[in-house]
Structure formats: C-alpha cells, structure tokens
Amino acid sequence: MDQAEEQLRNEDFAGALDSQSDAMEALREGMRELADQMAEQQQNQQGGQQGQQAGRDNPNGSRDPLGREAGENGRIGTDEQLLQGDDVYRRARELLDEIRRRSGEQERPEEELDYLRRLLERF
32 MDQAEEQLRN EDFAGALDSQ SDAMEALREG MRELADQMAE QQQNQQGGQQ GQQAGRDNPN
92 GSRDPLGREA GENGRIGTDE QLLQGDDVYR RARELLDEIR RRSGEQERPE EELDYLRRLL
152 ERF
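Start counting the sequence shown at 32; every next residue gets the next number (my numbering).
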C-alpha cells in the first residue's frame with residue numbers, strides 16, 4: 032500500500048492500482064492461511080475445549096469485532112476460535128471498510144485518526 036501511495040503521488044495511476052491489487056491479494060492470502068491454521072488448531076483442541084466451554088457461556092451473547100464472545104472478568108476476548116470459512120473474509124472486508132470510513136471522519140480526535148491511519152498503513 033505504501034508503494035501504491037507513492038505511485039499515486041507520482042500520478043502513476045495504473046501502477047498504483049496494480050500495487051494496491053497486489054497488497055490486497057497478499058492480505059487475502061494471509062487471511063486464508065490464518066483461517067487454515069485456526070481450523071487445524073481447532074481440530075486439535077476440540078476435545079479438550081468442549082468440557083470447558085459449557086461453564087463459560089456468555090449470558091449477553093455479545094461478540095467482539097472478530098466474532099468471538101466477549102471476555103469475562105475484564106478480559107478482552109475469549110479463547111474461542113475466530114470465525115471460519117467465507118465469514119472470515121467477509122468480516123475482514125467489513126472491518127477494513129469501517130476503518131476506512133472512520134478515518135475519513137475529520138471530526139474524530141486526532142489521536143484516533145492517527146491510530147486509524149496506522150491501521151490502514153499496516154493492513
């Protein structure tokens with residue numbers, strides 16, 4: 032994405048589009064690999080977690096942005112696995128779109144805008 036930005040600054044629109052496409056494909060591939068690793072991990076841990084999950088039900092049913100149930104006792108998330116399959120890619124797109132939308136809202140505090148810009152640079 033940095034390369035695409037630089038190409039846009041140099042008015043190389045075709046090159047910027049290609050660079051952006053490459054960056055997005057790398058992001059998709061990373062998400063696929065993550066989903067595969069998580070599915071494998073879930074299969075390995077499934078037997079041990081079934082008994083533990085029964086005692087940790089979340090009465091509110093709330094979920095964090097990655098689709099996990101909200102944590103308890105001040106924890107940010109749970110040990111529950113993330114979304115699987117096509118939902119992973121859909122949710123990743125939704126989160127990226129939301130970050131882009133929020134980063135365009137100039138009335139947000141500068142600290143938050145800086146954070147959103149760093150997220151966009153990274154992903």
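All C-beta atoms, glycine included, are put in the ideal place defined by N, C-alpha and C. All figures in this text were calculated on a predicted structure; none of them were measured in a lab.
Please report the straight-line C-alpha distance between residue i and residue j, rounded to a whole angstrom.
i            : j             : result
arginine 63  : glutamate 141 : 33 Å
glutamate 37 : leucine 127   : 21 Å
aspartate 67 : aspartate 118 : 13 Å
arginine 133 : glutamate 125 : 12 Å
arginine 59  : glutamate 152 : 16 Å
leucine 144  : glutamine 137 : 8 Å
Are there 16 or more other CB atoms within 10 angstroms of the CB of residue i, so buried, or fewer, so exposed?
i           : result
leucine 48  : exposed
alanine 123 : buried
serine 52   : exposed
leucine 65  : exposed
alanine 35  : buried
To which residues of the same chain is residue i closer than 7 Å at the C-beta, ignoring the five residues directly before and after it?
i           : result
leucine 150 : Ile130
Please confirm whether any heavy atom of the ligand GTP lies closer than 6 Å to the CB of residue i.
i            : result
glutamate 64 : The model depicted lacks the ligand GTP and carries no ligand whatsoever.
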